[in-house]
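Chains as they are written, first to last, in numbering that gives the first Met the number 0: chain P, 0 to 94; chain F, 0 to 489. Glycine included, each C-beta is placed from N, C-alpha and C at the ideal position. None of the values given here were measured: they were computed from a predicted structure. A short worksheet on the structure shown next.
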Amino acid sequence: MSLTVDEVRHIANLARLQLTPEEERLYAQQLSSILESAARLLEVDTSQIPPTATVLPLRAPLRPDIPRPCPPREKMLSNAPETEAGMFRVPPVLE
Amino acid sequence: MPNLTDLSLLEAASALRKGDVSSVELTEACLERIEALEPQLHAFLAQTPDLAISQAKAADQRLQEWRKKPEEPLPLTHGIPVAIKDILCLEGIPTTCGSRILEDFRPPYSATSVARLIDNGVVILGKTNTDEFAMGSSTENSAYGTTHNPWGLDRVPGGSSGGSAAAVAAHMCFAALGTDTGGSVRQPASFCGITGLKTSYGRVSRYGLIAYGSSLDTVGALTRSAADLLPLFIAMAGHDPLDSTCMPDPVPEINLDDGNLTGVRIGVPKEYFIEGIQDEVETAVRSAVNVFEELGAEIQEVSLPHTDLALPVYYLIAPAEASANLARYDAVRFGPRRKSEKLWDQYLRTRGELFGPEVKRRIMLGTYALSAGYYDAYYGQAQKVRTLIKDDFDTVFKDVDLIACPVAPTTAFRIGEHGDDPLAMYLEDVFTLPANLAGVPGMAFPVGFDRNDLPVGMQLNAPHLGEKALFQAVHAYQTQTDWHLRKPDL
């Protein structure tokens, strides 16, 4: 299994990571060797094996639906890089 | 009275109760030791001396009242100085996860594990260094510089909870919190010659633990003995309505007085003594197994046949979960921003420039494993083989109460030794990953030293929610041996 630089670019875009050309080459090589080392995993016959998403017994705990105070807005905005009028400010999404 | 920082946590708790020492005195002793050693070790990312002194003063006041009514319960953690891995939120104090992308982030709330310790009277000295987002086995992946091992300053302390392990081993604090997703409490405990508990998945709330691999992440603690660790476990464990994966099961009472292990069945998995394991590690672990036998345990060889698949399973599942969890770092609600005219470019630049190389590598790997056309082949297959690994543990735990094995194939390696070879670094986790995939608890503790005077660790694993047996067995071992009492020359 080996990844091309084009595939790395595609994945980086899906993951919203801007990579330098040098990083693209490095990750193509490193991810390829990591996936190669995982090849033995793909050979295991799992046709009869269910997947494990969690080790816990399935449960759907519910808590009483009682309203409680929220943290103040200023506190939740205090880590934001940019705010305006009590909101998070971002660059335009639509042209 | 000996040097205050050389007391065990339990000795310090007892001295506090008697009034032989105050929490402020303990705290000042720790702060002085941190000041003296921090330039060599770099265990901390943030120190909180003002918070510590105010918590210590409050603890002393409570102690004064308690001495008038000593029949009232008082937690053993009361007034004890501790450190917190910088991946657990502490309200108002910078929490960076060792990453530039959370530089100056001040959490609006504290993690449940941290809040429960505070409720139990601890004094918080600061936040400890970690591999970025807990992704690593050496703390070399911290964006803020690596931590040095107190047993050899040119060695790594292990990771990702390497700052916590170094701080405890160097007697800068009496205990520290860590987290363990693939070995991040046990391996640094082993490399630094201390005791570390990885709790069962679901035993301790993860509310306020900044997520890495959500089906694997656990909160744990590091101390200089199992007996010292118990009060922290008792303080933290148990249901939390703020974490739906936190189990409602009651936390058992754990009595450590009885050092007798008669009838306890310990399995030694043959797959853990592989080629490439350092001779001295195997020798020390096997002689520790003999000590358990002398204590009355029944030893038998067992088999966990899918052990060699744990590494590729983990390095697909954890990155896949990480790629989803780390999508939240979008420079909108928190963290520094690489300003651009378009939101899209802002995402790309901020994440590309502020995540470190290992984090980007794992996000890429995980994104790939989850992407169209590869999901079934990689992520789906890894989840199925995870079932086989978990079944291995379920099967063996029908015959034995505990599993005994090495923590890592070697003692602490040199800083820079694995350079830019991510696979070589991943191999360091080969013995710790299976417990995370199976969700079972594990405790690492020192069982010897190698020819370079570096600690050798061993771990016991127990069935899910079986921490009690871990505490009893490791405590029994530590009543018979003194590896855990050794202190590095600093």
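{"Asked": "Extent of the continuous alpha helix (DSSP H) to which F/Asn-460 belongs", "Found": "Unbroken run through F/Asn-460 is the beta strand (DSSP E), 454 to 460; no alpha helix (DSSP H)."}
{"Asked": "F/Lys-84 - containing alpha helix (DSSP H), residue span", "Found": "Element bounds for F/Lys-84: not the alpha helix (DSSP H) but the beta strand (DSSP E), 80 to 84."}
{"Asked": "Closest residue to F/Ala-234 among F/Ile-265, F/Leu-176, F/Val-288 (Cα-Cα distance)", "Found": "F/Leu-176"}
{"Asked": "The stretch 34 to 41 of chain P / the stretch 373 to 391 of chain F touching (three or more Cβ pairs under 8 Å)", "Found": "yes"}
{"Asked": "Touching by the beta-carbon criterion (3+ pairs, under 8 Å), the stretch 80 to 89 of chain F and the stretch 208 to 228 of chain F", "Found": "yes"}
{"Asked": "Beta-carbon spacing of F/Lys-197, F/Asp-216 below 7 Å", "Found": "no"}
{"Asked": "Minimum C-alpha distance to F/Ala-174 - residue among F/Leu-221, F/Ile-52, F/Ala-326", "Found": "F/Leu-221"}
{"Asked": "Unbroken beta strand (DSSP E) run spanning F/Pro-525, endpoints", "Found": "Only positions 0 to 489 of chain F appear in the structure, and residue 525 of chain F is not among them; the question remains open."}
{"Asked": "Contiguous alpha helix (DSSP H) assignments of at least 4 residues, all confined to the stretch 354 to 387 of chain F", "Found": "356 to 369"}
{"Asked": "Between the CA atoms of F/Ala-472 and F/Leu-294 - distance to the nearest angstrom", "Found": "9 Å"}
{"Asked": "Where F/Gln-479 falls, given that 16 or more other Cβ within 10 Å makes a residue buried", "Found": "exposed"}
{"Asked": "Residue nearest to F/His-238 in terms of C-alpha spacing, selected from F/Gly-91, F/His-147, F/Tyr-108, F/Ser-199", "Found": "F/Ser-199"}
{"Asked": "Where P/Met-75 meets chain F, residues with beta-carbon distance less than 9 Å", "Found": "Pro-107, Arg-332"}
{"Asked": "Between the CA atoms of F/Asp-452 and F/Leu-152 - distance to the nearest angstrom", "Found": "12 Å"}
{"Asked": "Near the ligand MN: F/Asp-393 beta-carbon under 6 Å from a heavy atom", "Found": "As presented, the structure is devoid of all ligands, the ligand MN included, so that no description of it is given."}
{"Asked": "Test: P/Thr-3 CB closer than 7 Å to a CB of chain F", "Found": "no"}
{"Asked": "Cβ distance (whole Å) where F/Val-406 is taken to contact F/Thr-431 below 8 Å", "Found": "6 Å"}
{"Asked": "7 Å Cβ cutoff met for F/Gly-135 and F/Gly-158", "Found": "yes"}
{"Asked": "Opening and closing residue of the alpha helix (DSSP H) in which F/Lys-467 lies", "Found": "466 to 479"}
{"Asked": "Meets three-Cβ-pair contact criterion under 8 Å: the stretch 391 to 406 of chain F and the stretch 299 to 315 of chain F", "Found": "yes"}
{"Asked": "Continuous alpha helix (DSSP H) stretch holding F/Thr-26: start and end", "Found": "22 to 40"}
{"Asked": "Contact the stretch 19 to 27 of chain F vs the stretch 97 to 108 of chain F: 3+ CB pairs below 8 Å", "Found": "no"}
{"Asked": "Per DSSP, cross-strand counterpart(s) of F/Ala-174", "Found": "F/Val-81"}
{"Asked": "Residue(s) in a DSSP beta bridge with F/Thr-194", "Found": "F/Thr-222"}
{"Asked": "Whole alpha helix (DSSP H) elements within the stretch 56 to 88 of chain P, 4-residue minimum", "Found": "72 to 76"}
{"Asked": "Touch test, the stretch 58 to 66 of chain F against the stretch 158 to 171 of chain F, Cβ-Cβ under 8 Å, three pairs minimum", "Found": "no"}
{"Asked": "With 16 other Cβ atoms within 10 Å as the buried cut-off, status of F/Glu-131", "Found": "buried"}
{"Asked": "At least 3 beta-carbon pairs within less than 8 Å: the stretch 23 to 43 of chain F vs the stretch 61 to 75 of chain P", "Found": "no"}
{"Asked": "Test item: CB-CB of P/Thr-51 and F/Arg-105 under 7 Å", "Found": "no"}
{"Asked": "Contact set for F/Ala-110: own chain, Cβ-Cβ below 7 Å, skip 5 residues either direction", "Found": "Leu-87, Cys-88, Tyr-206, Gly-207, Leu-208"}
{"Asked": "Contained alpha helix (DSSP H) runs [length at least 4] in the stretch 65 to 142 of chain F, N- to C-terminal order", "Found": "111 to 118"}
{"Asked": "Rounded C-alpha distance that separates F/Asp-344 from F/Ile-273", "Found": "48 Å"}
{"Asked": "Inter-residue spacing [alpha-carbon to alpha-carbon] between F/Ala-423 and F/Ala-57", "Found": "48 Å"}
{"Asked": "Contact between the stretch 281 to 293 of chain F and the stretch 441 to 452 of chain F (3+ Cβ pairs under 8 Å)", "Found": "yes"}
{"Asked": "Meets three-Cβ-pair contact criterion under 8 Å: the stretch 327 to 339 of chain F and the stretch 351 to 358 of chain F", "Found": "yes"}
{"Asked": "Cut-off 6 Å between Cβ atoms - residues of its own chain near P/Glu-81, not counting five sequence neighbours on either side", "Found": "Arg-88"}
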